[in-house]
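What follows is a short report on a single structure.
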Amino acid sequence: GMPSRFTYCLTENEEDRPWESLSASKGYLPDDNVITMAMVESPRFCFDDVSDEPGRLLTGIADTMTAMGSWNMHARSDMVVAMGPQHAEICVKAGWSRADVHRRLCELAGRKVRDLKGGGNWRRERALALPIDVDPDDDDCFIPAIKNPDDLQLIVAGGWGPCTAVCHGWSGGSRAVHGSYLV
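Here you go:
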């Protein structure tokens with residue numbers, strides 16, 4: 007075994023969520039009971055009590071999404087970003103939708119080849135196996151943490167406070183599964 011083999015469950019904050027739910031973004035109806043299962047690492051804390059606009063806030067969250075030791079930098083894998091209501095509210099007040107935040111995190115989160123060569127799980131053959139165009143010999147080549155927009159599960163969860171949790175995908179790649187159930 008290993009220390010990251012734990013199970014945890016969380017729910018979106020229905021009361022303080024300022025935009026549509028993850029299930030609605032996946033095409034489910036408001037009255038559907040939906041569960042999303044994703045195999046991810048333990049949450050990484052992203053504390054930011056300084057940012058008061060989305061650009062700065064999302065830059066910090068995107069940096070947390072690009073940990074060199076995470077599989078998201080070296081393979082296609084899901085990631086869960088659970089924004090606290092306070093961070094989500096900063097985006098909403100600036101007129102940003104859930105889709106805007108999702109899109110911007112996908113654009114920002116990544117590292118250049120030169121950075122990845124300095125540590126973590128870098129291997130040339132892993133870079134060549136990615137499902138995107140990568141030149142492992144170009145130190146300025148940008149490798150996104152999110153290889154496909156469907157791989158980012160963005161939710162609002164937790165209570166009020168300047169915190170977001172980033173949960174990197176599991177080794178070798180994992181895909182979230184969404185489904186409805188009867189109560």
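Under my numbering, think of the first position of the sequence shown as 7, with each following residue one higher. Virtual Cβ for every residue (Gly too), placed ideally from N, Cα, C. Quantities reported herein were computed from a predicted structural model and do not represent experimental measurements.
Alpha carbons only, please: which of the options is nearest the one belonging to residue i?
{"i": "A73", "options": "H174, G164, L63 and Q159", "result": "H174"}
{"i": "T170", "options": "I67, I41 and G61", "result": "I67"}
{"i": "M71", "options": "P168, G125, V87 and H80", "result": "V87"}
{"i": "D47", "options": "W176, I149, P91 and I96", "result": "Note that residue 47 is Glu in the sequence shown, not Asp. Comparing Cα-Cα distances from E47 to each of W176, I149, P91 and I96, the minimum goes to W176."}
{"i": "E95", "options": "L63, V183 and T17", "result": "L63"}
{"i": "V172", "options": "G61, R50 and L188", "result": "R50"}
{"i": "F53", "options": "K99, V40, H108 and M89", "result": "M89"}
{"i": "V107", "options": "G124, N127, P150 and G61", "result": "G61"}
{"i": "P150", "options": "A81, T17 and Y187", "result": "A81"}
{"i": "E59", "options": "G124, V183 and P168", "result": "P168"}
{"i": "D55", "options": "L35, M45, H93 and Y14", "result": "H93"}
{"i": "T13", "options": "M45, N154, E21 and S31", "result": "M45"}
Please state whether the Cβ-Cβ distance between residue i and residue j is less than 8 Å.
{"i": "C112", "j": "I161", "result": "no"}
{"i": "M85", "j": "L122", "result": "no"}
{"i": "C147", "j": "K118", "result": "yes"}
{"i": "R120", "j": "D145", "result": "yes"}
{"i": "S83", "j": "G179", "result": "yes"}
{"i": "V40", "j": "S57", "result": "no"}
{"i": "L16", "j": "A182", "result": "no"}
{"i": "L114", "j": "T65", "result": "yes"}
Using 10 angstroms around the beta-carbon of residue i, count the other beta-carbons present and answer buried if the total reaches 16, otherwise exposed.
{"i": "P141", "result": "Per the sequence presented here, residue 141 reads as Asp, with Pro not at that position. It is exposed - the Cβ of D141 has fewer than 16 other Cβ atoms within 10 Å."}
{"i": "N19", "result": "buried"}
{"i": "W166", "result": "exposed"}
{"i": "D157", "result": "buried"}
{"i": "M43", "result": "exposed"}
{"i": "S76", "result": "buried"}
{"i": "I138", "result": "exposed"}
{"i": "V189", "result": "exposed"}
{"i": "P91", "result": "buried"}
{"i": "G116", "result": "buried"}
Cβ of residue i within 7 Å of any heavy atom in the ligand FMN?
{"i": "G61", "result": "Within the structure as shown, the ligand FMN is missing, as the structure has no ligands at all."}
Looking at C-beta atoms only, is the number of pairs between the segment 96-114 and the segment 16-36 that lie closer than 8 Å three or more? yes
Which ranges would you report for the alpha helix (DSSP H) in the segment 127-155 if only whole runs of at least 4 residues count? 130-135
Which runs of the alpha helix (DSSP H) at least 4 residues long sit entirely within the segment 39-102? Give them in chain order. 60-71 and 91-99
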